[in-house]
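S.K.: Got a structure here, written out as structure tokens. Questions coming.
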Amino acid sequence: MNLQNMAPNAKRSLLITVVFGAAAVCIYLFAVVPSEGELARAKTELGEVQTRHEMMMRNLSGADKVKERLERINAGLDKFRAAVLAPSLESYAMGAKKLLDPLAAGAGLSETEYEELPLVALPVPKRLPVQLFARRPIRLVCRGSYQAAVSFLLRVEKEFPLVALQAMSITAQTDPLAQRVEFVFEWPAKGGRTKK
Amino acid sequence: MSAKAYHLNLLKASERVSSSPVRIRVMLPVLAMFAVAGAVVWWGSLLGRVLLARTSAQTLQTEIDTRKAAYADVMEKMNLANELESELEQLEYYRAGRNAYGGVLTSLAEVMPLKIQLTRLEIPQPPPQSLVPPGVLPGRPYTPLWGPTGNVESVSLVLAGRTPKETPIVTLMESLESDAFTNLVTIVKDPRRSDQSPKVRSIRQDASRRGEGSRMLAFEIEYRVKDRRFAK
Chain A
881 MNLQNMAPNA KRSLLITVVF GAAAVCIYLF AVVPSEGELA RAKTELGEVQ
931 TRHEMMMRNL SGADKVKERL ERINAGLDKF RAAVLAPSLE SYAMGAKKLL
981 DPLAAGAGLS ETEYEELPLV ALPVPKRLPV QLFARRPIRL VCRGSYQAAV
1031 SFLLRVEKEF PLVALQAMSI TAQTDPLAQR VEFVFEWPAK GGRTKK
Chain B
-10 MSAKAYHLNL LKASERVSSS PVRIRVMLPV LAMFAVAGAV VWWGSLLGRV
40 LLARTSAQTL QTEIDTRKAA YADVMEKMNL ANELESELEQ LEYYRAGRNA
90 YGGVLTSLAE VMPLKIQLTR LEIPQPPPQS LVPPGVLPGR PYTPLWGPTG
140 NVESVSLVLA GRTPKETPIV TLMESLESDA FTNLVTIVKD PRRSDQSPKV
190 RSIRQDASRR GEGSRMLAFE IEYRVKDRRF AK
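Written out as structure tokens, the structure reads:
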């Protein structure tokens, strides 16, 4: 096809076709394609914001439940916090003495002697807490009858429901009223921290 | 030939058989224009959707920013609740591992035969705890575990005493099989089992004393007591 020989109408038609065709291609390449990318990015961004928003709204709607849960957990922990052995003059043995001596004297045990033993770790839950708890054993050696020892033990178990007996021994002596009695009591205690 | 008889045959041969009565020189520019219009509409639609997505994202982001403080507070409480729940769980392990012995020791005094002189009653201390990770060779450095791998601690009750004959020991052992004790003291009589309880550790002529003492039998019996199970 020779452009020279083309009729003017045909030439005009061809020119218009070429110009508009080029314009269509340009719009596609330089406007549509980038806008497609832009749309994909905007959609991704919107999706992320929507996810965050949904999560936020879900968590915010459960705020009351979280508060209730926290109160329930704290109530449970308070019992243990009250049972944790507080040191006296920086000595846990002294702290135990303060608590147990009145009961021992009341039961008829004498010559009490307290000794702090190393902490014993507790098994850890699946979700590792930052603050670990452990068992704090305190050895109590004293003298008294079998009845006095058992009476003392019953009182401790009643007065301190979270104090556990780890070990004990009653060894007979010449005087049945002054047998050698040894208890190892345990208190819940703060252990190490898993994060600084 | 009159003018009326003249007519111009402007159709080409290919156009004569074409289904479209419109010529290609007209159709092509029109199609090109449609293409431009279509592309513009497409672009416009895309721009509209982009704008809509951005506006929606902006609206949501504004809402997120508005509630950020409340959300941070809730998240902090949730994290705190999770942390405290783990602490409570560990303390519940402690509570679950607690055995009360007062009742059993009271009952023991009641059932103790008169002919038996109890020389020692003992709940021995558990063996030292190992926090060495499994598989660590001896002498090699290691990071201690946060807690023991097992959650059960075996407990036993040792009764040692003297008696002039065997019968009171049998009476004592029968008494310890009663309901007052079996909630804490375990009875497994099968001697083939490793957890047999009671186990008579020793029964022998008491050589510690002369005279009357030499006619006495010294015995030592070990009972398994309910394990301390540090688990929920």
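Going line by line, the protein sequences match chains A and B.
Following this note's numbering from start to finish, the first sequence increments by one per residue and tops out at 1076.
Following this note's numbering from start to finish, the second sequence increments by one per residue and tops out at 221.
Cβ atoms here follow ideal geometry from the backbone N, Cα and C, with glycine treated the same way.
As the structure is a computational prediction, the values presented were derived from the model and not from experiment.
(1) Determine the burial state of Gln1046/A: buried for a count of at least 16 other Cβ atoms within 10 Å of its Cβ, exposed for fewer.
(2) Verify the CB distance criterion: does Pro122/B have a CB-CB separation below 8 Å to chain A?
(3) What residue range does the beta strand (DSSP E) around Tyr212/B cover?
(4) DSSP puts Trp31/B in a beta bridge; with which residues?
(5) Would Ile210/B count as contacting chain D if we go by Cβ distances under 8 Å?
(6) Among the residues of its own chain, which have a CB less than 7 Å from the CB of Asp228/B, if the five just before and after it don't count?
(7) Over what stretch of residues does the alpha helix (DSSP H) that includes Met67/B continue unbroken?
(8) Could you please give the first and the last residue of the uninterrupted beta strand (DSSP E) stretch that includes Leu148/B?
(9) Answer yes if the stretch 66 to 81 of chain B comes into contact with the stretch 139 to 154 of chain B, meaning at least three C-beta pairs across the two stretches below 8 Å, and no otherwise.
(10) List the residues of chain A whose Cβ lies closer than 7 Å to the Cβ of Met205/B, in chain order.
(11) Please specify which runs of the alpha helix (DSSP H), each continuous and at least 4 residues long, are wholly inside the stretch 996 to 1075 of chain A, giving them in chain order.
(12) Step through the CB atoms of chain A and report whether any lies within less than 8 Å of the CB of Ala(-6)/B.
(13) Going by other Cβ atoms of all chains shown within 10 Å of its Cβ, with 16 needed for buried, is Cys1022/A buried or exposed?
(14) So, do the stretch 92 to 102 of chain B and the stretch 967 to 976 of chain A have three or more beta carbon pairs nearer to each other than 8 Å?
(15) Please state the DSSP three-state secondary structure of Leu919/A.
(16) Where does Thr51/B land, buried or exposed, given buried means 16+ other C-beta within 10 angstroms?
(17) Since I believe Ala70/B is in contact with Val946/A (beta carbons under 8 Å), could you give me their beta-carbon distance rounded to a whole number of angstroms?
(18) List the residues of chain A that Val25/B touches, going by C-beta distances under 7 Å, in chain order.
(19) So, are the CB atoms of Arg1015/A and Val1030/A less than 8 Å apart?
(20) To the nearest whole angstrom, what separates the beta carbons of Val125/B and Arg218/B, a pair I think is in contact under 8 Å?
(21) Within the continuous beta strand (DSSP E) that includes Thr108/B, where are the two ends?
(22) Taking only beta-carbon atoms, is Glu916/A less than 8 Å away from chain B?
(23) Just reading off the alpha helix (DSSP H) that Ser893/A is part of, what are its end residues?
(24) Compare the C-beta of Gln884/A with all C-beta atoms of chain B and state if any pair is closer than 8 Å.
(25) I'd like to know if Ser119/B contacts chain A, where contact means its C-beta is closer than 8 Å to some C-beta of that chain.
(26) If you check the beta carbons only, do Ala1069/A and Arg1035/A fall under 8 Å apart?
(27) If we count the other Cβ atoms within 10 Å of its Cβ and call it buried at 16 or more, is Pro1056/A buried or exposed?
(28) Return the residues of the stretch 152 to 176 of chain B that lie within a Cβ-Cβ distance of less than 7 Å from chain A, sorted by chain order.
(29) Can you tell me whether Glu166/B is helix, strand or coil according to DSSP?
(30) Using a Cβ cut-off of 8 Å, which residues of the stretch 30 to 56 of chain B contact any Cβ in chain A, in chain order?
M.R.: Reading off the structure:
(1) Here residue 1046/A refers to the residue found at position 166 of the first sequence. Counting Cβ neighbours within 10 Å, Gln1046/A comes out buried, since at least 16 surround it.
(2) The count along the second sequence starts at 1 and reaches residue 122/B at position 133. Chain A contact via Cβ: absent.
(3) On the second sequence, residue 212/B is found 223 positions in, with the first residue counted as 1. Per DSSP, the unbroken beta strand (DSSP E) holding Tyr212/B starts and ends at 206 to 218.
(4) As a position in the second sequence, residue 31/B is number 42, starting the count at 1. Trp31/B is not bridged to any residue.
(5) Among the protein chains of the structure shown, namely A and B, there is no chain D.
(6) With chain B covering only -10 through 221, there is no way to say anything about residue 228/B.
(7) The residue you call residue 67/B lines up with position 78 of the second sequence. Taken as a continuous stretch (DSSP letters only), the alpha helix (DSSP H) holding Met67/B covers 57 to 85.
(8) Position 159 of the second sequence, counted from the start, is the residue given in the question as residue 148/B. 141 to 152 is the span of the beta strand (DSSP E), which, as asked, contains Leu148/B.
(9) no
(10) For this step, residue 205/B is matched to residue 216 along the second sequence. By Cβ distance, chain A contributes nothing, its closest Cβ being about 13 Å from Met205/B, past 7 Å.
(11) 1026 to 1039
(12) Start at 1 with the first residue of the second sequence, and residue -6/B comes out as number 5. No, no contact with chain A.
(13) Sequence index remark: in the first sequence, residue 1022/A carries index 142 (1-based). When all chains shown are included, Cys1022/A counts as buried.
(14) no
(15) Counting from 1 along the first sequence, the entry for residue 919/A is found at position 39. In the structure shown, Leu919/A sits in a helix (DSSP, three-state: H, G or I).
(16) Sequence index remark: in the second sequence, residue 51/B carries index 62 (1-based). With fewer than 16 other Cβ atoms within 10 Å, it is exposed.
(17) Position 66 of the first sequence holds residue 946/A. Position 81 of the second sequence holds residue 70/B. The C-beta distance from Val946/A to Ala70/B rounds to 6 Å, short enough to fall under 8 Å.
(18) For this step, residue 25/B is matched to residue 36 along the second sequence. Residues of chain A passing the Cβ test: Phe900, Ala903, Ala904, Ile907.
(19) In the first sequence, residue 1015/A corresponds to position 135, counting from 1. In the first sequence, residue 1030/A corresponds to position 150, counting from 1. Cβ atoms of Arg1015/A and Val1030/A: not closer than 8 Å.
(20) Taking the second sequence and counting its residues from 1, one reaches residue 125/B at position 136. Taking the second sequence and counting its residues from 1, one reaches residue 218/B at position 229. Between Arg218/B and Val125/B the Cβ distance is about 26 Å, and since that is not below 8 Å, they are no contact.
(21) By 1-based counting over the second sequence, the position of residue 108/B is 119. Unbroken beta strand (DSSP E) run through Thr108/B: 106 to 112.
(22) If you number the first sequence from 1, residue 916/A lands on position 36. For Glu916/A, the answer is yes, since a Cβ of chain B falls inside 8 Å of its Cβ.
(23) Here the question's residue 893/A lines up with position 13 in the first sequence. Run containing Ser893/A: 888 to 907, per the alpha helix (DSSP H) assignment.
(24) The residue labelled residue 884/A in the question sits at position 4 within the first sequence. Taking Cβ atoms only, chain B never reaches closer than 8 Å to Gln884/A, which makes this a no.
(25) As a working note, residue 119/B is residue 130 in the second sequence. Judged by the 8 Å Cβ criterion, Ser119/B is not in contact with chain A.
(26) On the first sequence, residue 1069/A is found 189 positions in, with the first residue counted as 1. On the first sequence, residue 1035/A is found 155 positions in, with the first residue counted as 1. No Cβ-Cβ contact shorter than 8 Å links Ala1069/A with Arg1035/A.
(27) Residue 1056/A sits at position 176 when you count from the first residue of the first sequence. Pro1056/A comes out exposed.
(28) Cβ contacts with chain A: none found.
(29) Here residue 166/B refers to the residue found at position 177 of the second sequence. Coil, per DSSP.
(30) Within the stretch 30 to 56 of chain B, the qualifying residues are Trp31, Trp32, Leu35, Leu36, Arg38, Val39, Ala42, Arg43, Ser45, Ala46, Leu49, Gln50, Glu52, Ile53, Arg56.
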